[in-house]
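Engineer: Residue numbers (my numbering): 113 to 228.
Every residue gets a Cβ at the ideal spot worked out from N, C-alpha and C, and that includes glycine.
Quick one: the structure is below, and I'll ask about it shortly.
Next comes the structure, spelled out in structure tokens:
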């Protein structure tokens with residue numbers, strides 16, 4: 113049986129070792145400007161009193177900034193489907209670990225203190 117090239121395999125048809133996404137330089141500058149604007153927004157928000165919304169506002173700004181870095185600077189936006197699945201699975205497990213930690217923290221008061 114003759115050896116078939118890797119490109120004939122149905123799972124790797126769209127994979128090419130030498131192919132790279134060519135991100136325009138303007139995209140990097142636009143993301144940089146957005147990150148600097150987000151940093152300014154973070155500093156401004158730190159001096160505002162949003163009451164119970166302080167943490168959610170700060171986290172929303174941080175999530176937008178992190179998404180820009182992940183999508184553009186880490187080339188996930190231009191990556192293969194496998195890269196996107198791996199990034200998605202990382203966020204899936206992060207979400208579950210955070211939910212488990214928060215559930216543990218919030219449920220500690222239900223048992224009372226030892227010896228009471």
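Taking its Cβ as the centre, do 16 or more other Cβ atoms sit within 10 Å of residue 184, making it buried, or is it exposed?
Structural biologist: buried
Engineer: Which of the three DSSP states is assigned to residue 307 in this structure?
Structural biologist: In the structure as shown, the chain starts at 113 and stops at 228, and residue 307 therefore has no counterpart that could be examined.
Engineer: On a Cα-Cα basis, can you pick out the residue from 178, 197, 193 and 201 that is closest to residue 148?
Structural biologist: 178
Engineer: Less than 8 angstroms separating the beta-carbons of residue 199 and residue 181?
Structural biologist: no
Engineer: Looking at the structure shown, is residue 216 part of a helix, part of a strand, or coil, going by DSSP?
Structural biologist: helix
Engineer: Do the CB positions of residue 139 and residue 154 come within less than 8 angstroms of each other?
Structural biologist: It is not a contact, given that the beta carbons lie outside the stated cut-off.
Engineer: Are the beta-carbon atoms of residue 152 and residue 176 separated by less than 8 angstroms?
Structural biologist: no
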